[in-house]
Amino acid sequence: MNESHEILAACLGAFAIFLAASAASLMLAQQLSLRFSVAACIIGGLALATLSVTAVRVIVHYRRLHQPGQRLHLVGVLALALAGGWLAMSINRPDIDDSIYVPKAVYYIAHPDAPVDTGVNWLAGLERTPQSGVFPYYELTQAALSWLGGRPYLDVYHVLFPGIVGFLMCAAAILLIGLFETRPRTILICGAFYLLLLLALGETHRAYGNLSIARAFHGKYMFLSVGVPAWIYFSLRYLRQPRWSTWLILLALGIGMAAATPTAMVFLPFLALTLALAFHVQASGSFASIAALLPALRYGVSLAPVVLMAIVFRFYAVDNIAAGSQINAGFPKTFADQLRLIVNPDYPLTPVLFVASLALVLAFSAYRRFFAIWVTTLCVLLLNPWVSQFVMLHLTTENIYWRMFYLLPFPLLAALALAPLANAGRTGPIWAGLCLAAAGLLATIGPTSVLRHGNGATLALPGYKIGANDSASAQQFIRRAAPGSVFAPVQLASNILLLSSDFPQYFMREDYLGLMMASVPAHVSFQQRLDAAFYLYSNGATPEAEKAFRAMIAAADGPQHVLVPANADRYAAIASQLAAAGYRRAFAVAGGYAVFSHPPRHQQ
Numbered sequence: 212m213n214e215s216h217e218i219l220a221a222c223l224g225a226f227a228i229f230l231a232a233s234a235a236s237l238m239l240a241q242q243l244s245l246r247f248s249v250a251a252c253i254i255g256g257l258a259l260a261t262l263s264v265t266a267v268r269v270i271v272h273y274r275r276l277h278q279p280g281q282r283l284h285l286v287g288v289l290a291l292a293l294a295g296g297w298l299a300m301s302i303n304r305p306d307i308d309d310s311i312y313v314p315k316a317v318y319y320i321a322h323p324d325a326p327v328d329t330g331v332n333w334l335a336g337l338e339r340t341p342q343s344g345v346f347p348y349y350e351l352t353q354a355a356l357s358w359l360g361g362r363p364y365l366d367v368y369h370v371l372f373p374g375i376v377g378f379l380m381c382a383a384a385i386l387l388i389g390l391f392e393t394r395p396r397t398i399l400i401c402g403a404f405y406l407l408l409l410l411a412l413g414e415t416h417r418a419y420g421n422l423s424i425a426r427a428f429h430g431k432y433m434f435l436s437v438g439v440p441a442w443i444y445f446s447l448r449y450l451r452q453p454r455w456s457t458w459l460i461l462l463a464l465g466i467g468m469a470a471a472t473p474t475a476m477v478f479l480p481f482l483a484l485t486l487a488l489a490f491h492v493q494a495s496g497s498f499a500s501i502a503a504l505l506p507a508l509r510y511g512v513s514l515a516p517v518v519l520m521a522i523v524f525r526f527y528a529v530d531n532i533a534a535g536s537q538i539n540a541g542f543p544k545t546f547a548d549q550l551r552l553i554v555n556p557d558y559p560l561t562p563v564l565f566v567a568s569l570a571l572v573l574a575f576s577a578y579r580r581f582f583a584i585w586v587t588t589l590c591v592l593l594l595n596p597w598v599s600q601f602v603m604l605h606l607t608t609e610n611i612y613w614r615m616f617y618l619l620p621f622p623l624l625a626a627l628a629l630a631p632l633a634n635a636g637r638t639g640p641i642w643a644g645l646c647l648a649a650a651g652l653l654a655t656i657g658p659t660s661v662l663r664h665g666n667g668a669t670l671a672l673p674g675y676k677i678g679a680n681d682s683a684s685a686q687q688f689i690r691r692a693a694p695g696s697v698f699a700p701v702q703l704a705s706n707i708l709l710l711s712s713d714f715p716q717y718f719m720r721e722d723y724l725g726l727m728m729a730s731v732p733a734h735v736s737f738q739q740r741l742d743a744a745f746y747l748y749s750n751g752a753t754p755e756a757e758k759a760f761r762a763m764i765a766a767a768d769g770p771q772h773v774l775v776p777a778n779a780d781r782y783a784a785i786a787s788q789l790a791a792a793g794y795r796r797a798f799a800v801a802g803g804y805a806v807f808s809h810p811p812r813h814q815q
């Protein structure tokens, strides 16, 4: 094993162990109803211990680099990984999913003495607090570090952790490439190609580039871009040379990733099965043998906590978010339509690259059997139109199934397909350089680039993943409004939730609001809130919409602040209705919204 790569592996393993230990601490805190501040101190201690041990391991491995070429290779791999980290911090592609993952963390930073629980305390006008079946372990780990460091949560969530994740996703790719390629120069060429592909694969909202380098702040895509490559890497290390240290990293990796996203609970068992089978066939040439059974079973036992977490989660999922439920509404139900979520028919870069690179690897790689079994196994078990309905109904649901395509070894295959060319005599590096140049053009100015304007992404100095106009509107409102409940358009409501816990929302993204309100009573129903939003923000002139709006602002627990578009067709009528209900126009915010405020209801 290259000692330079051992340094990267130490960082990757440390991250997995820290996430697993932090998740275990939060599980304990939740069971004992400990204050968040107590859990944060435990997580802070774990962070210090992890950094200390990792620093020692890095120094030990660095001192083993005796040859100048080894140190030069380390400089190269670190440069690639640091470039990935910088890009992940600097790409600003906002996503409304933040309004689900962030508010609990923001609340705890403002209320560190609150007990660790599953309450959803950022929704307004409900008779009791709804409980979430998905606990934000990953985000609360970040919140602990944010609170201990005295920094705003988004400094950690949108800047620090994306930098770490971007570094580790490139590190994991280099480590994986190093398992199949031994030449240091070729590893660097393939690693650079991989990084450029991350920037080039932005042809759809769910293409790999948009889910990795551009959304490194989400736990579910941290899993996809770091957790999955890390699992593959440590699995192959263990299967090649079983060691307890590697097995323990796999154990921690499973716990940490399953805590970060329920997707891992489905992903990892299938990935582990596929890897074990493909490795065995590559190593022995047969599909089954008694001698291989015991190591495979030991490997599989590392997933025991993941399986247990999946069983517990399934009880919640079956009753609340099963296939066909409201939160899955709008997602396609057929295999072909699911595939279209990641394939752009006008620019089918992902399938073209996958098929071409698979053909090259099968033709020229010594590991052709390994990758052939990997791809075939997944296509038979999960990724075909004959089983997709069953998988969606019983394993993944409609809004998760498309992620199963990323169980395939992509974009790893594309990077490995470049290796034979890079190694092809004197002219090989020249041709590989031309491929890098082409990938660079696709990454920067190509029609599928993650960075293109049409993709909703910008590249700037590291900062918050919020649009400039949306951020200005939300910050102006927070500075000027008194704490209280708010009725605002979805985009603005979402950004207010990212920046402050003082303004619980009456309205936010419909799927999540509907899921939470299904389990608790409210004076203003979910449908009334939808109708009121239609009346205010879509110029909905129906009697039902106007009636719902009037009922909401007249309710005893109605919103304290209502944001009205100043250019609304019926602005004068809306302002009159608000005035009759006791509201007054308080101020205006960027984006063309007038803020109408009501005195605290208990004073009336």
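Sequence positions in the sequence shown follow our numbering and run 212 to 815.
Yeah, the Cβ is synthetic: ideal placement off N, Cα and C, and Gly gets one too.
Predicted, not measured: the structure shown is a model, and the values here were computed from it.
TODO: From the DSSP output, read off the bridge partner residues of L670.
DONE: I302
- [ ] Please determine, among P631, G541, D742 and P305, the residue with the shortest C-alpha to C-alpha distance to A574.
- [x] Minimum Cα distance to A574 is reached at P631.
Open item on the list: Please report the distance separating the alpha-carbon of G793 from that of A767.
Closed with: 12 Å
Open item on the list: Any contact between the stretch 214 to 222 and the stretch 233 to 244? By contact I mean 3 or more CB pairs, one from each, below 8 Å.
Closed with: no
Task: contact_flag[the stretch 540 to 548, the stretch 599 to 613] where n(CB pairs < 8 Å) is 3 or more - done: yes
TODO: Would you kindly check if the distance between the Cβ of Q493 and the Cβ of D722 is under 8 Å?
DONE: Not in contact: D722 and Q493 (Cβ atoms no closer than 8 Å).
Task: Exposed unless 16 or more other CB atoms sit within 10 angstroms - verdict on T415 - done: buried
Open item on the list: My output table needs one value for Q702: the three-state DSSP class, helix, strand or coil.
Closed with: In the structure shown, Q702 adopts helical secondary structure according to DSSP, grouped into three states.
Open item on the list: Looking at N634: is its Cβ nearer than 8 Å to the Cβ of T352?
Closed with: no
TODO: Look up H429 in the DSSP assignment and say whether it is helix, strand or coil.
DONE: It is coil, neither helix nor strand.
Open item on the list: In the DSSP assignment, the alpha helix (DSSP H) including H216 goes from what residue to what residue?
Closed with: E214 to L243
Open item on the list: Can you confirm whether Y510, when its beta carbon is compared against all beta carbons of chain C, has any partner nearer than 8 Å?
Closed with: Of the chains in the structure shown, none is chain C; there is only one protein chain.
- [ ] Within the same chain, show all residues whose beta-carbon is closer than 6 Å to that of A797, passing over the 5 residues directly before and after it, in chain order.
- [x] Answer for A797: V806 and S808, listed in chain order.
Open item on the list: What residue range does the beta strand (DSSP E) around A797 cover?
Closed with: R795 to V800
TODO: Tell me whether A528 sits in a helix, a strand or coil according to DSSP, three-state version.
DONE: A528 falls in the helix class under three-state DSSP.
- [ ] Put Q815 into one of helix, strand or coil per three-state DSSP.
- [x] The predicted position of Q815 is uncertain, since its pLDDT is 39 and thus under 50; a value taken from the coordinates is nonetheless stated next. Coil at Q815, not helix or strand.
Task: For H322, the three-state DSSP class (helix, strand or coil) - done: coil
TODO: Flag this pair as yes or no: are the beta carbons of S436 and V376 separated by less than 8 Å?
DONE: yes
TODO: Could you round the C-beta distance between L672 and S301 to whole angstroms and report it? I think they count as a contact, below 8 Å.
DONE: Under the criterion of beta carbons closer than 8 Å, L672 and S301 qualify as touching, at roughly 6 Å.
Open item on the list: Check this for me: beta carbons of L406 and L291, under 8 Å apart or not?
Closed with: yes
- [ ] Can you grab the Cα-Cα spacing for the pair L619 / A625, in whole Å?
- [x] 12 Å
Task: Among A325, G256, V317 and Y318, the one whose alpha carbon lies nearest that of R246 - done: A325
Open item on the list: Just to confirm the assignment, what range does the alpha helix (DSSP H) spanning H491 have?
Closed with: Per DSSP, H491 is one residue of the alpha helix (DSSP H) stretching across T474 to S495.
- [ ] Give me the Cα-Cα distance between E338 and P314, rounded to the nearest whole angstrom.
- [x] Cα-Cα distance, rounded: 19 Å.
- [ ] Compute the minimum distance between the beta carbon of G751 and the heavy atoms of the ligand SAH, and state whether it is under 7 Å.
- [x] Within the structure as shown, the ligand SAH is missing, as the structure has no ligands at all.
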